[in-house]
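Okay, structure first, notes after.
In C-alpha cells:
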C-alpha cells in the first residue's frame, strides 16, 4: 500500500541577508563589550576585517542599526558608528506600525493604564528625591487651571508629564517603559471632541491637579499604599473624564517623525544625568 503525504502548508523561512546577520553580530559585540550610549563602535575597516565581509555589507548593517535607533553614524576620517539609546518616539513609531491595522481605542489604552499606573507610582515612592518632588510640584502648578497661564492643550500634556516624573523614579525598567510609552501615546495621539467646553477641560484639569497634590503629599510621607490607592482613583476618574469629553485616537495609529517630536521638557534624574555625562571610549 502506497503511503500518502500531506504537503506542508508552511512557508519556508526567509533567509536573512548577510547585512542583517552582521547587524545581529554587531549587537552581540555591543553586549559582549558592555558598550553604553555614547560609546564608539570599532571603525568600519576593523568591522570589515573582523567579520570578513565587504565595506558595503558593513555600511548596510550599520544603516540598519541606525534605522532601528541603536546607533548614529557620522562620516569623515573620525566617523563611524556611535551607540545610541533608542528614543521613546522611535519606539512609538514602531508600535504604531504594528498596531496600524488594529482597532485600538481609548478604552483599550486606559484599561491597561489603570492596571499599570498604580503599581508604577507605588514602586517609585521609596526612590523619589527632593529634586523629584520639586519637579512634581512644578508640574502641578503648570497643569492646574487655577495657577497656569498655559493653554488647555499644554495643561493636558503637563498632566502626563507628572506621570513621566514618577516613571523616571521607578527602578523597574519594563514597567517604566510601558508606562512611558502609554504616556507618549496619550500626549501625542489623543484629540477631544470639538464640542467639549472650556469649562469641562477646566474641571478635568482641576481634578487632575488635586489628585496630583494628594499623591505628592502621600509620597512625601512614603505611604506606598496610600499612593497606590490614590492612583487607582485618579486613573478611574481620568478614564471617565476622557470618555465624557469624547477623547479619541486621531486616525490610524500612524504619525510622521515631525509630529512625534514632543514639546515637553524631559525630567532628568541625577543618576541619569551622570550616566549621560559618561565619557566616550574608542574601541
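Residue numbers (full-length UniProt numbering): 1 to 283. Cβ coordinates follow ideal geometry from the N, Cα and C atoms, glycine included. If you're wondering where the values come from, they're calculated on a predicted model, not measured in any experiment.
Cα-Cα separation, residue i to residue j
| i | j | result |
| --- | --- | --- |
| residue 301 | residue 68 | Only positions 1 to 283 of the chain appear in the structure, and residue 301 is not among them; the question remains open. |
| residue 119 | residue 173 | 13 Å |
| residue 247 | residue 87 | 26 Å |
| residue 262 | residue 105 | In this predicted model, residue 262 has a pLDDT of only 44, less than 50, meaning its place in the structure is not dependable; the value taken from the coordinates is given anyway. Distance between the alpha carbons of residue 262 and residue 105 is about 21 Å. |
| residue 131 | residue 217 | 15 Å |
| residue 186 | residue 160 | 8 Å |
| residue 85 | residue 107 | 31 Å |
| residue 148 | residue 82 | 41 Å |
| residue 28 | residue 51 | 12 Å |
| residue 200 | residue 242 | 10 Å |
| residue 57 | residue 25 | 12 Å |
| residue 167 | residue 103 | 27 Å |
| residue 31 | residue 46 | 18 Å |
| residue 38 | residue 48 | 22 Å |
| residue 203 | residue 175 | 30 Å |
| residue 155 | residue 70 | 33 Å |
| residue 17 | residue 59 | 13 Å |
| residue 35 | residue 146 | 47 Å |
| residue 207 | residue 100 | 33 Å |
| residue 80 | residue 223 | 49 Å |
| residue 283 | residue 76 | Residue placement at residue 283 cannot be trusted, given a pLDDT of 37 that sits under 50; what the coordinates show is reported in the next sentence. Whole-angstrom Cα-Cα distance: 17 Å. |
| residue 188 | residue 171 | 25 Å |
| residue 158 | residue 95 | 23 Å |
| residue 237 | residue 40 | 47 Å |
| residue 198 | residue 177 | 33 Å |
| residue 233 | residue 150 | 26 Å |
Supposed contact pair residue j and residue i - C-beta distance, whole angstroms, cut 8 Å
| i | j | result |
| --- | --- | --- |
| residue 44 | residue 55 | 6 Å |
| residue 110 | residue 239 | 4 Å |
| residue 90 | residue 182 | Between residue 182 and residue 90 the Cβ distance is about 16 Å, and since that is not below 8 Å, they are no contact. |
Residues near residue i in its chain [Cβ-Cβ closer than 8 Å; skip 5 each side]
| i | result |
| --- | --- |
| residue 20 | 61, 64 |
| residue 165 | 132, 135, 136, 139, 267 |
| residue 225 | 122 |
| residue 228 | 118, 119, 121, 122 |
Host alpha helix (DSSP H) of residue i (start-end)
| i | result |
| --- | --- |
| residue 207 | 198 to 220 |
| residue 148 | No alpha helix (DSSP H) contains residue 148, which DSSP labels as neither H nor E. |
| residue 111 | 106 to 124 |
| residue 63 | 55 to 68 |
| residue 233 | 224 to 244 |
| residue 35 | Counting along the chain, residue 35 falls outside any alpha helix (DSSP H), and DSSP gives it neither H nor E. |
| residue 177 | 173 to 189 |
| residue 51 | 44 to 51 |
| residue 137 | 130 to 143 |
| residue 88 | 88 to 98 |
Cβ shell of residue i (< 6 Å), same chain only, five flanking positions each side left out
| i | result |
| --- | --- |
| residue 190 | 247 |
| residue 117 | 231, 235 |
| residue 184 | 88, 92 |
| residue 214 | 230 |
| residue 276 | Reliability fails at residue 276, whose pLDDT of 39 lies under 50, so the model's placement of it is uncertain and the value that follows must be treated cautiously. Cβ neighbours of residue 276 beyond the five flanking positions: none. |
| residue 212 | 140, 162 |
| residue 152 | 201 |
| residue 73 | 62, 66, 81 |
| residue 179 | 116, 120, 167 |
| residue 195 | none |
| residue 169 | 124, 127, 128, 132 |
Residues near residue i by beta carbon distance below 7 Å, same chain, minus five either side
| i | result |
| --- | --- |
| residue 209 | 140, 143, 144 |
| residue 370 | Nothing about residue 370 can be read from this structure; the chain reaches only from 1 to 283. |
| residue 23 | 61, 64, 65 |
| residue 53 | 18, 22 |
C-beta neighbour in chain B for residue i, strict 8 Å
| i | result |
| --- | --- |
| residue 21 | Although the question refers to chain B, the structure presented lacks it and comprises just one protein chain. |
Run of the beta strand (DSSP E) containing residue i, from where it starts to where it stops
| i | result |
| --- | --- |
| residue 82 | 80 to 83 |
| residue 71 | 71 to 74 |
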